[in-house]
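Here is the structure we will look at, set down as structure tokens.
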Amino acid sequence: MGASVGGELTGKVALVTGAARNIGRAICVALAEAGAHVVVNTKTSLDAAQETVRLVEAVGGKAMLVQADVTNAAAVAEMVRKATDAFGGIDILVNNAAIRKEGLLETVTLAEWQQLLAIILDGAFLCTQACAPSMRARGGGAIVNIGGMTGHSGAKQRVHVVTAKAGLAGFTKAIAHDLAVDKITANCVVPGMLDTQRDGAQPKHHHDKARLMDRLGSAEEVAGLVRYLCGPQASYITGQSIHINGGVLMP
22 MGASVGGELT
32 GKVALVTGAA
42 RNIGRAICVA
52 LAEAGAHVVV
62 NTKTSLDAAQ
72 ETVRLVEAVG
82 GKAMLVQADV
92 TNAAAVAEMV
102 RKATDAFGGI
112 DILVNNAAIR
122 KEGLLETVTL
132 AEWQQLLAII
142 LDGAFLCTQA
152 CAPSMRARGG
162 GAIVNIGGMT
172 GHSGAKQRVH
182 VVTAKAGLAG
192 FTKAIAHDLA
202 VDKITANCVV
212 PGMLDTQRDG
222 AQPKHHHDKA
232 RLMDRLGSAE
242 EVAGLVRYLC
252 GPQASYITGQ
262 SIHINGGVLM
272 P
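According to the numbering used here, the stretch in the sequence shown is residues 22 to 272, in order.
Right, dumping it as structure tokens:
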């Protein structure tokens, strides 16, 4: 049994999409350590997502696993309903769901383009639209979108990823304007050059860029920044893209 959790997010409820592994998993654990109840979302990686739930519970947190496709409006609405029934509402949304693919401009198919943009952009839009009423009713909230360094720097063979992540930065600014009146902040955390588990080789752009820090970053370091942005000390930060990349890119 984990230790009791108490922190700056005690009493808050967080929904984290794409939370089965890597950054999503680390964010779930960090928010639980801060006291939040966590809704762990995945589309297909049920075993890995269940491990995320176990890790949240190991630090004394409460978690529930909800399988849902974030590109499906009805599935998103049902996910939010389940979270609300279980925990009373949603205060924090972390739009992390994404897929990372590479391909030459000439060989990326329209279906691949549309799939990637749908997961990253449509997913963030649908989840934000579905969660905002609960945040408003609860007196405020925090939305953190997980961007990508190449959305700001560009990269070879990532036309769909670069486009989607750049769009997420713009989406962040738009919703920051729309939701500020409801005391809901919206920010974009932009990781780069991280040591995470991948199905294939490290991305090509990792070999083209030099870090000031002599190491790769960790998912836990990203999660620490997300935790801060969801807490009361960050209530005056909104509409920002905040980079965490070891000094590779300095916008």
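Backbone N, C-alpha and C fix where the C-beta goes; we use that ideal spot for every residue, glycine too. Nothing here was measured: the structure is a model prediction, and the numbers come from that model.
What residue range is occupied by the uninterrupted alpha helix (DSSP H) comprising residue i?
i, result
"residue 156", "144 to 158"
"residue 79", "67 to 79"
"residue 243", "240 to 251"
"residue 102", "94 to 108"
Checking contacts by CB at 8 Å: is residue i closer than that to chain C?
i, result
"residue 159", "The structure shown contains no chain C; it holds only a single protein chain."
Using three-state DSSP, classify residue i as helix, strand or coil.
i, result
"residue 281", "Nothing can be reported for residue 281, as the shown portion of the chain is limited to 22 through 272."
"residue 46", "helix"
"residue 267", "coil"
"residue 141", "helix"
"residue 59", "strand"
"residue 174", "helix"
"residue 167", "strand"
"residue 237", "coil"
"residue 30", "coil"
"residue 215", "strand"
Rounding to the nearest angstrom, what Cα-Cα distance links residue i and residue j in this structure?
i, j, result
"residue 49", "residue 103", "18 Å"
"residue 179", "residue 156", "34 Å"
"residue 172", "residue 165", "16 Å"
"residue 95", "residue 252", "30 Å"
"residue 236", "residue 213", "12 Å"
"residue 240", "residue 99", "29 Å"
"residue 185", "residue 141", "6 Å"
"residue 22", "residue 126", "With a pLDDT of 40 at residue 22, under the threshold of 50, the predicted position of this residue should be treated as unreliable, though the coordinate-derived value follows. About 50 Å."
"residue 193", "residue 261", "8 Å"
I'd like to know whether the C-beta atoms of residue i and residue j end up nearer to each other than 8 Å.
i, j, result
"residue 64", "residue 90", "yes"
"residue 270", "residue 170", "yes"
"residue 84", "residue 74", "yes"
"residue 243", "residue 44", "yes"
"residue 38", "residue 163", "no"
"residue 167", "residue 101", "no"
"residue 152", "residue 233", "no"
"residue 296", "residue 161", "A question about residue 296 goes unanswered here, because the residues of the chain that appear run from 22 up to 272."
Would you kindly report the start and end of the unbroken beta strand (DSSP E) that includes residue i?
i, result
"residue 85", "84 to 88"
"residue 35", "34 to 37"
"residue 207", "205 to 212"
"residue 184", "Looking at the DSSP string, residue 184 is not in any beta strand (DSSP E); the run it does join, the alpha helix (DSSP H), is 180 to 200."
"residue 115", "113 to 116"
Q. So, do the region 256 to 267 and the region 46 to 62 have three or more beta carbon pairs nearer to each other than 8 Å?
A. As far as the Cβ criterion goes, the region 256 to 267 does not touch the region 46 to 62, which means the pair count is below three.
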